Amino acid sequence: MNCVSSIVFIPTRPGARSMLNLKQIKQIVHRKIPISKNIGVSLERFDTSGLIIKAPLSNNINHNQTAFGGSLNAVAVLSCWTFLYLMLNQIEEKHPQIIIQKSSINYLKPVTTDFQAVCAWPEQTVINRFQTIYHRKKRARIELT
């Protein structure tokens, strides 16, 4: 899944510690993106490898007893949204405007268990280009997977 976001964002170094703990982040995500509570997401990790969000099959099951495709996409997009939110928090941006402009997903096989989405850190060249555009235009886009 790709999320291209038009945001106000200056990334810091990978692995920088967030000022928020996972419980606080979960509360913020549930408040700002209410569907996240209904689909039962939990934030598992945010570190140098990226962000991992998990969701239970039980909250997202369809008529075939597999994960509903819309829920799979929502969790994937939410991982990108949360990743950007955390990055903004690290630079003390209190009211970030994050817009998911585009997302796409390929469903390769049915999901029959609890599932997770991982938003990986972009390469440093992508971050540098993003910062350059942001400094020039005060807004920028970044593609996350």
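The working numbering numbers the first residue of the sequence shown as 9 and each following residue consecutively.
The beta-carbon is built from N, C-alpha and C at its ideal position, and this holds for glycine as well.
Being a predicted model, the structure only gives us computed values, none of them experimental.
Which residue comes first and which comes last in the alpha helix (DSSP H) that contains residue i?
i	result
isoleucine 36	30-40
serine 57	Taken as a continuous stretch (DSSP letters only), serine 57 belongs to no alpha helix (DSSP H), as it is neither H nor E.
isoleucine 43	43-46
What residues are listed by DSSP as bridge partners for residue i?
i	result
arginine 53	Ile60
isoleucine 69	Ala75
Provide the residue span of the beta strand (DSSP E) that contains residue i, from first to last.
i	result
phenylalanine 123	123-128
So residue i and residue j are in contact, right, with Cβ under 8 Å, and what is the actual spacing, rounded?
i	j	result
isoleucine 113	asparagine 81	5 Å
isoleucine 108	valine 134	17 Å between Cβ atoms; not a contact.
asparagine 72	isoleucine 47	The Cβ separation is near 17 Å, so there is no contact.
Query raised in the report: On the three-pair Cβ rule with 8 Å, is the segment 54-72 touching the segment 122-130?
Result: yes
Is the segment 72-91 in contact with the segment 140-149, if contact means three or more CB pairs nearer than 8 Å? no
- the segment 62-73 in contact with the segment 29-37 per 3-pair CB rule at 8 Å: no
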